[in-house]
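Taking it in order: structure first as structure tokens, then the write-up.
Number of protein chains: 2
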Amino acid sequence: MDLVDILAVKNEKRILLVVLDGLGGLPRKGKTELEAASIPNLNKLTLKAGLGLLTPVDVGITPGSGPAHLALFGYDPLRYDVGRGVLEALGIGLHPEPSDLCARANFATLAGNGTLKDRRAGRIPTELCAELCAKLQAAIPTMEDTSVVVRPGIGHRFVVVFQGPGLVGGLTDSDPQQDGLKPLVVASDDPGAAKSARLANRFIELAAAVLKDQGSANFVLLRGLARPPSIPSMRDRFKLTPACVAAYPMYRGLARLVGMDVLETGSTWDTELETLRKHWDGGYDFFFLHLKETDKAGEDGNFDAKQELIEQFDDEVLPQLQVLKPDVLCITGDHSTPALKAGHSWHEVPVLLASPYVRPSDTREEFGERACCRGAIGRVDSVKLMNLLLANSLKLKKFGA
Amino acid sequence: MDLVDILAVKNEKRILLVVLDGLGGLPRKGKTELEAASIPNLNKLTLKAGLGLLTPVDVGITPGSGPAHLALFGYDPLRYDVGRGVLEALGIGLHPEPSDLCARANFATLAGNGTLKDRRAGRIPTELCAELCAKLQAAIPTMEDTSVVVRPGIGHRFVVVFQGPGLVGGLTDSDPQQDGLKPLVVASDDPGAAKSARLANRFIELAAAVLKDQGSANFVLLRGLARPPSIPSMRDRFKLTPACVAAYPMYRGLARLVGMDVLETGSTWDTELETLRKHWDGGYDFFFLHLKETDKAGEDGNFDAKQELIEQFDDEVLPQLQVLKPDVLCITGDHSTPALKAGHSWHEVPVLLASPYVRPSDTREEFGERACCRGAIGRVDSVKLMNLLLANSLKLKKFGA
């Protein structure tokens, strides 16, 4: 148990954690996306908020969405490893149980000589992927005493979940990670994993038989075979009644992993706000509001779009959040996605934490990476953010006498 | 394995780590050596560099050169303990193997009653030390199945290396650390160290016989008996092909310990630069350039000299480094050596890291301790600097999906 688990107590105060995905940036002409944005409401909020920078995993480490969010929720991402197969399953909206074995799968092209001609099956369209998954699902509903769930993802990607007794993760991949090689046999050092490995290898064999006339998509590869980690819930650890408002399946899945109630919502910021308002007085004391679009603009390398989304948040979303009067309002990102890098990066993430108990910034302050360098919160590992959220909502007892 | 070891990948980008030994300082009339220096080139570089402060070992801890450099190279100095005997051996240019037992030795004066009259033999001159070491070496070339190497250091100091099977470190010192006491018997709690202790004690006995007519230098003391630690190489850990350009033996030795190629060079900054230029396109992707003189000026308590050396670096060295166009250029120190203290200190060390992916400072910024306090890199343990160097050269994969 962490110290915060021991000290957490329940009260009525409500915390609102807003994650603008990929918020942190790098400068273009001297200013980052956030620094370049016109954000009068956020800037005004800094007068009663502490500023700081969050380190998602460690200095210099670029996190994926899984570890970055687990850290924000107060879970050490090095301790709770969410495997690729599990993240993919969560990402397409499946709810794997801790006993389910999940695999990230690809359609692939196997040449006549038994080597892989194309590990991505010529990047088949999503529609064909869905069609082929339906065929596999119909042909392989079960194996031995185990149910098999096959669900399409994007392009050549899909997910296989094995649901039955005695399955374990930690298996090797069948994907050799390079065209021209033979697919590998799924294996494990753990003798207890024999059944899991047998099912995975047999699935590949059965799938190849189903797909034998499918041209480029005549084979499947499995990797990231893992079970969802067993994670103590936020209810148990922090005495919170937490809810998630997120449009994208992966973030909904990550929230479910730590025991949040995942609220039904739509795909726009407006519908997410509507959901938040609807449940605001519904007995929850922690809300995680996830806004994905900033990350997508960063991934696209589109500085202007990311800047505009931040401005839109400031103009349209933030005032509506303030109307709810959360006791603690925290606005941050899970990681940085600088448009300059067109991908996730290792850079620290700006954080703004408004509560009656913060040391605010100077009156001339703005919300941006440089201002956050000088902020009263300082540099904090993301995994410790939850300590601050609980402390600022007076949900932590004193340590020692 | 650290996270960074798992995520490191090879690419073509080149990192140049410049260590101005003992760079950090303390103010005289309000400005540190670095702040007082006229350094237009470094100041200009801050416009495209991140600034920060490195903590060599821990808050308030003054490091020696060994731990300070190991940390810069990405090795936890508390985990990899380089014994005094090993450092001394490295420092005089020996290349001890992991199986060699190294001892720091002193000539000393033993009184007739068997107590130590002077643990430093009246601080005999270096020339006499060399002469006595030659005598010892000639008289004691081997012991049992073990070769004995005796090499002079400065003044009364010398080094003994035992090279044979079954030797181990972790022995107690024979030096009681105080005049007037009897020398101690070298011992160990480890039964496997019996041979090592026996050889050490017997060496002391044989040496005393050789030295019996040498006046004040009639005895020897051994301490810091240790083998070089077994350290995974930078090649294995970080997938780097690293090279060292350093004039002084100890730094060359430390670089060799972590698996760097140690390039032949001369004793001036000019010859070090020449060496760097010569090997720049030689297939290396990491260069450690060590410049010792700033530390010496600090140790001498000579503020002006240290300031001038920093100015000389700015004026003569930095432009030549920039011509090489390293992908990542980092300028820092191993520790602080404030002239005010005339010795190493615990103060954090300014660091400047130039790459296309940094959050730079404001345009009014200068490179100095105070500016580094406000820098975007923040305060980072020296041991994490390598994470940043690898990240900025895009040599680290993403962690998790």
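Chains as they are written, first to last, in the working numbering: chain A, 905 to 1305; chain B, 905 to 1305. Glycine residues also receive a C-beta, built at the ideal position from the N, C-alpha and C atoms.
- Proximity of the stretch 1134-1143 of chain A to the stretch 1004-1020 of chain A falls short of the contact definition, fewer than three beta-carbon pairs being nearer than 8 Å.
- Nearest to residue 1028/A by C-alpha distance, out of 1062/A, 1114/A, 974/A and 1093/A, is 1062/A.
- If you draw a straight line from the Cα of residue 1003/B to the Cα of residue 1047/B, it comes to about 16 Å.
- When 8 Å is used as the limit between beta carbons, residue 1284/B is near these residues of chain A: 963, in chain order.
- Look at residue 1214/A here: in three-state DSSP terms it is helix.
- What residue 1278/B touches in chain A, judged by beta-carbon distance under 7 Å, is 1277 and 1278, going in chain order.
- Contacts with chain A (Cβ-Cβ distance below 7 Å) from the stretch 1285-1301 of chain B involve 1288, 1291, 1292, 1294, 1295 and 1300, listed in chain order.
- For residue 1296/B, the enclosing alpha helix (DSSP H) stretches over residues 1289-1296.
- Taking a beta-carbon distance threshold of 7 Å, residue 977/B does not count as an interface residue toward chain A.
- Going by C-alpha positions, residue 1285/A is about 16 Å away from residue 970/A.
- Taking C-beta atoms as the reference points, residue 1232/A and residue 1259/A count as a pair closer than 7 Å.
- Counting only Cβ-Cβ distances below 9 Å, residue 954/A has no contacts in chain B at all, with the closest Cβ about 16 Å away.
- Taking every protein chain shown into account, the CB of residue 915/B has fewer than 16 other CB atoms within 10 angstroms, so this residue is exposed.
- Burial of residue 1249/B is indicated by the presence of at least 16 other C-beta atoms within 10 angstroms of its C-beta.
- The criterion of a C-beta distance shorter than 7 Å is satisfied by residue 1251/B and residue 928/B.
- Of all residues in the stretch 1240-1268 of chain A, those with a C-beta nearer than 9 Å to a C-beta of chain B are 1242, 1244, 1245, 1247, 1248, 1249, 1250, 1251 and 1252, reading in chain order.
- If you draw a straight line from the Cα of residue 1304/A to the Cα of residue 978/A, it is about 22 Å long.
- In this structure, the CA atom of residue 1089/B is about 37 Å from the CA atom of residue 1240/B.
- In chain order, 961, 965, 966, 967, 968 and 971 make up the part of chain A whose C-beta sits under 7 Å from the C-beta of residue 1303/B.
- Of all residues in the stretch 907-933 of chain B, only 907, 908 and 911 come within less than 9 Å of chain A when Cβ atoms are compared, listed by chain position.
- Taking the beta carbon of residue 988/A as reference, the chain B residues within 8 Å of it are 1305, listed in sequence order.
- Spanning the alpha carbons of residue 1085/A and residue 989/A requires a straight line of approximately 22 Å.
- Shortest Cα-Cα distance from residue 1288/A to any of 950/A, 944/A and 958/A involves 958/A.
- Scanning 1135/B, 1130/B, 1175/B and 1276/B for the CA closest to the CA of residue 1151/B turns up 1175/B.
- Contacts with chain B at 7 Å (Cβ-Cβ) include residue 991/A.
- For residue 1186/A, the number of other beta carbons within 10 angstroms of its own is below 16, and it is reported as exposed.
- For residue 1058/A, the closest C-alpha among the options 997/A, 954/A, 1223/A and 1136/A is that of 997/A.
- Contact annotation: residue 1075/A and residue 1054/A have beta-carbon atoms that are not nearer than 7 Å.
- By the beta-carbon neighbour count (other beta carbons within 10 angstroms, threshold 16), residue 1282/B is buried.
- Close CB contacts of residue 937/B within its chain, under the 7 Å cut and outside five residues either way in sequence, are with 929, 1207, 1210, 1211, 1214 and 1243 (chain order).
- The residue from 934/A, 947/A and 946/A with its alpha-carbon nearest to that of residue 950/B is 934/A.
- Within its own chain, the residues whose Cβ lies closer than 7 Å to the Cβ of residue 1156/B, once the five positions on either side in sequence are excluded, are 1148, 1150 and 1166, listed in chain order.
- Straight-line measurement puts the Cα of residue 940/A at about 14 Å from the Cα of residue 1202/A.
- In the structure shown, residue 1219/A falls within a helical segment according to DSSP collapsed to helix, strand and coil.
- Contact check for residue 1078/A against residue 1013/A fails: the beta carbons are separated by 7 Å or more.
- For residue 1194/B, DSSP records a beta bridge to 923/B and 1150/B.
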